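Residue numbering for the sequence shown follows our numbering, starting at 1 and increasing by one per position.
Here the structure is laid out as structure tokens; the discussion comes afterwards.
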Amino acid sequence: MYAERNDRPGAIKPGSLAMAMAINAGVLSAVLLAAPEIIKIKPPVPIEIINIPIEPPPPPEPVQPRAKTDPAPQPKPILPDPIIKIDRPVDVTFPGTTIIPTGPTGTSEGTGVIIDPPAPPPVLIEPSIDDRYRSSFQPAYPPAEQRAERSGFVVVRVLIGIDGRVSAVERVSATSDDFFETTRRTALGKWRFKPATRGGAPVERWRVMRVTFQIEEA
């Protein structure tokens with residue numbers, strides 16, 4: 001009976017089971033008996049900080065100022081000696097006869113040179129009104145001024161030629177243009193003068209004339 005039970009397929013043999021149990025037990029014992037390996041971890045070593053003094057850099061070398069060199073002296077130009085002009089003495093003479101001695105100084109003897117006095121400048125005679133034409137000097141009264149019964153005056157400069165006639169008229173002042181215009185026309189057409197003379201010769205000459213316009217009361 002037992003033989004048949006062991007011969008059946010799939011039946012567990014007692015020998016195999018015992019062997020398997022023995023192997024498992026040996027493996028378990030080996031595991032339990034094996035001493036665990038303990039790894040020791042060293043604590044970190046503290047880092048010691050040491051301050052190493054750093055020497056300061058050496059100061060820069062002082063810059064020596066460059067010595068100023070004087071410029072080379074320039075040669076002075078040679079100037080020629082100044083020429084000093086010495087004016088010749090001028091003899092001052094006064095009107096009259098002057099005798100300049102020509103003999104040695106300190107002696108009473110000697111000859112003299114007689115210098116004639118300078119001739120006097122020519123005499124200038126101013127122009128004057130020719131009496132023959134005096135009645136023609138008053139200009140005609142301007143009609144507009146006469147109707148307005150307005151009086152006035154005119155001051156002019158006239159250039160008198162060598163023939164005694166007026167050749168130019170310049171206005172100095174006038175009460176109105178009408179008074180001046182009638183005076184200008186009369187001066188150029190009717191005024192006659194004795195011309196100015198210089199040393200007896202007639203010359204042109206300016207003269208200032210004043211003309212008055214007055215309303216006559218009836």
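The C-beta atom is built at its ideal place from N, Cα and C for all residues, glycine as well.
This structure is a prediction, so every number in the text was calculated from the model and none was measured.
### Query
Name the DSSP beta bridge partners of K194, please?
Taking the first residue of the sequence shown as position 1, residue 194 is located at position 194. Partner(s): S128.
### Query
Is A22 helix, strand or coil by DSSP?
Mapped onto the sequence shown, residue 22 falls at position 22. Annotated three-state conformation of A22 is helix, per DSSP.
### Message
Between F179 and P142, how many whole angstroms is the CB-CB distance? I'm expecting something under 8 Å.
### Response
Residue numbering aside, residue 179 sits at position 179 when the sequence shown is read from its first letter. Residue numbering aside, residue 142 sits at position 142 when the sequence shown is read from its first letter. Indeed they touch by this definition, with Cβ atoms about 6 Å apart.
### Message
I need the boundaries of the alpha helix (DSSP H) containing E145, first residue and last residue.
### Response
The sequence position of residue 145 within the sequence shown is 145, counting from 1. E145 -> alpha helix (DSSP H) spans P143 to R147.
#### Entry: Whole-Å CB distance - V166 paired with L188, under 8 Å assumed
Walking along the sequence shown from the start, residue 166 turns up at place 166. Walking along the sequence shown from the start, residue 188 turns up at place 188. So it is a contact: roughly 6 Å between Cβ atoms.
### Task
Take V155 and list the residues in its own chain whose beta-carbon comes closer than 6 Å to its own, dropping the five residues that flank it on each side.
Here residue 155 refers to the residue found at position 155 when the sequence shown is read from its first residue. Once the five neighbours on either side are set aside, the close Cβ partners of V155 are V172, S173 and R210.
### Task
Excluding the 5 residues preceding and the 5 following P202 in the sequence, name in chain order all residues of the same chain whose CB lies nearer than 6 Å to its CB.
Looking up residue 202 in the sequence shown gives position 202. Taken in chain order, the residues that qualify are I162 and P195.
### Query
So what does DSSP say about A168, is it helix, strand or coil?
Here residue 168 refers to the residue found at position 168 when the sequence shown is read from its first residue. Strand, per DSSP.
### Query
In three-state terms, what does DSSP make of S136?
What you label residue 136 is simply residue 136 of the sequence shown in a count that begins at 1. DSSP places S136 in helix when its eight states are reduced to three.
### Message
Let me make sure I understand the geometry here. Which of E149, K190, R147 and M21 has the alpha-carbon closest to that of V169?
### Response
The residue labelled residue 169 in the question sits at position 169 within the sequence shown. Checked all of E149, K190, R147 and M21; the closest Cα to V169 is K190.
### Task
Kindly indicate the opening and closing residues of the beta strand (DSSP E) around R150.
Translated into positions along the sequence shown, residue 150 becomes position 150. Run containing R150: none; DSSP gives neither H nor E here.
### Query
Does the Cβ-Cβ distance between T212 and F137 come in under 8 Å?
Locating residue 212 in the sequence shown gives position 212, counting from the first residue. Locating residue 137 in the sequence shown gives position 137, counting from the first residue. No, the pair does not count as a contact, with Cβ atoms beyond the cut-off.
### Task
Pull up the DSSP beta-bridge partners for A119, would you.
Numbered from its first residue, the sequence shown carries residue 119 at position 119. Looking at the DSSP assignment, A119 forms no beta bridge with any residue, so it has no partner.
### Query
Going by C-alpha distance, which of P117, P139 and D177 is nearest T183?
Taking the first residue of the sequence shown as position 1, residue 183 is located at position 183. Out of P117, P139 and D177, P139 has the C-alpha closest to the C-alpha of T183.
### Query
In the DSSP assignment, what residue or residues form a beta bridge with S173?
As a working mapping, residue 173 is identified with position 173 in the sequence shown. Looking at the DSSP output, S173 shares a beta bridge with V155.
### Task
Locate the beta strand (DSSP E) running through P62, then write down its first and last residues.
As a position in the sequence shown, residue 62 is number 62, starting the count at 1. Segment: none, P62 is in no beta strand (DSSP E) and carries neither H nor E.
### Task
Report all residues from its chain with a CB closer than 7 Å to the CB of S151; omit the five preceding and five following residues, and keep chain order.
Looking up residue 151 in the sequence shown gives position 151. If we look at S151 and ignore the five residues flanking it on each side, its Cβ neighbours are F213, Q214 and I215.
### Query
Should L159 and E204 be called a contact, given that it needs their Cβ atoms to be closer than 8 Å?
As a first step, residue 159 must be located in the sequence shown, where it is residue number 159. As a first step, residue 204 must be located in the sequence shown, where it is residue number 204. Less than 8 Å separates the beta-carbon of L159 from that of E204.
### Message
Can you give me the C-alpha to C-alpha distance between S128 and V113, rounded to a whole angstrom?
### Response
Stepping through the sequence shown from its first residue, residue 128 is reached at position 128. Stepping through the sequence shown from its first residue, residue 113 is reached at position 113. For S128 and V113, the distance between alpha carbons rounds to 45 Å.
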